[in-house]
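Just add 4 to wherever you are in the sequence shown, counting from 1, and you've got my numbering. Ideal Cβ positions, reconstructed from N, Cα and C, are used throughout, including at glycine. It should be emphasised that the depicted structure is a prediction, and the values quoted were computed from it without experimental measurement.
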Amino acid sequence: MSESRAQRPRRFLVCEPRHFAVQYAINPWMQPDKPVDVDLAREQWQTLIRAYRDHGHTVESVEPVPGLPDMVFAANAAFVVGGRVFGSLFHAPERRPESLHYDTWFKTAGYDVYRPESVTEGEGDLVWTGRYVLAGTGFRTTREAHREAQEFLGHPVIGLTLVDPYFYHLDTALFVLDDDNICYYPEAFSAGSREVLRRLYPDAVLATRDDAMAFGLNSVSDGQNVFIAPQAEALAERLAGHGYAPVPVDLSEFHKAGGGIKCCTQEIRS
Ligand code: ARG
């Protein structure tokens, strides 16, 4: 099956990995004793930003702060739909100070920021489908935060339980292709959540554990182009078979922190 797909230009918020490092371990990917090549990380990140701009997307950035090595993972700092900014309350104490800097960016850009009472990690666990929010829980974002998000945003929030610690954020196990379809790795979810996803998206593109371990689900789609880890070759081929255009961008240095393309990218939906 091959269909032609339509792209919609996006507005992205990112944070340069000037102070990126793996200094603590808050997910199974992180090994603080293993070195990170910071120069290579910066080059890889610049390639991602160039790829976004070359495909017509707008990219804005938050100034990185020394001592906050995970701040590069902009996706985790907020969830924005219809100009409403649902801020984050990080699970790990090491990441909590990031919120202040992102909130300040949003306030300067003219947005009010909602400060949640429960642990919630922005687009890491809250995924906008075009009609409702898919919301992960199990490792980071709490059920209570799902309720807060629904109340604040006025959009339905559908909770999904993550069960594999390697896929601790929803955006490591699932991404939205366009207004009609998603791509996900079923085994990352509880049996009930798998059933929910099957009912909502009977024609979803399904990924394997290898695709997921290669950060293939941590992708960004603009409706046509899918910015995806080159390590997830098999998934990229499957997506091409569905009419999407894979754009490989290698963020291997960030995989050492448990992050990839989507983690480095927050979408601002005004
Ligand atoms: N080291 C970061 C953490 O564990 C990685 C965050 C990845 N971001 C994401 N959206 N999945 O919090």
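For residue i, three-class secondary structure by DSSP
i, result
"N31", "coil"
"Q195", "Inspection of the sequence shows that residue 195 is occupied by Ala rather than by Gln. If DSSP states are grouped into helix, strand and coil, A195 belongs with the helices."
"R88", "strand"
"S256", "helix"
"T51", "helix"
"A96", "coil"
"A82", "strand"
"V42", "helix"
"Y56", "helix"
"V117", "strand"
"E271", "strand"
"M5", "Confidence at M5 is low in this model, with a pLDDT of 47, below 50, so the placement of that residue should be treated as unreliable; the coordinate-derived value is given next. Three-state result, M5: coil."
Cβ-heavy atom distance, residue i to ligand 1, below 6 angstroms
i, result
"F77", "yes"
"I232", "no"
"T276", "Given that the chain is displayed from residue 5 to residue 274, the structure contains no residue 276 and the question cannot be resolved."
"G128", "yes"
"A261", "yes"
"D215", "no"
"H173", "yes"
"D37", "no"
"C19", "no"
"C187", "no"
"D168", "no"
"I30", "yes"
"D226", "no"
"D184", "no"
"D74", "yes"
Enclosing alpha helix (DSSP H) for residue i [first to last residue]
i, result
"S103", "E102 to T112"
Buried/exposed call for residue i, threshold 16 Cβ in 10 Å
i, result
"S197", "buried"
"M5", "Unreliable placement is indicated for M5, whose pLDDT of 47 sits below 50; the coordinate value is still reported in the next sentence. Its Cβ having fewer than 16 others within 10 Å, M5 is exposed."
"T108", "exposed"
"K260", "buried"
"G140", "buried"
"Q48", "buried"
"K266", "buried"
"S223", "buried"
"T112", "exposed"
"Q35", "exposed"
"G247", "exposed"
"P39", "exposed"
"N80", "buried"
"E155", "exposed"
"Q50", "exposed"
"L243", "buried"
Limits of the beta strand (DSSP E) - the one that residue i falls within
i, result
"L130", "L130 to W132"
"L17", "R15 to C19"
"L64", "Looking at the sequence provided, one finds Glu at residue 64 rather than Leu. Its beta strand (DSSP E) spans residues T62 to V66."
C-beta neighbour in chain D for residue i, strict 7 angstroms
i, result
"V200", "In the structure shown, chain D does not exist; there is a single protein chain."
Distance cut-off 6 angstroms: residue i Cβ against heavy atoms of ligand 3
i, result
"N229", "In the structure on display, ligand 3 does not appear, and the ligands it does have are ligand 1."
- [ ] Kindly provide the ranges of any alpha helix (DSSP H) runs that are 4 or more residues long and lie completely inside the region 137–194, ordered along the chain.
- [x] 147–157
Task: Minimum length 4: unbroken alpha helix (DSSP H) runs contained in the region 205–269 - done: 213–217, 237–245 and 256–259
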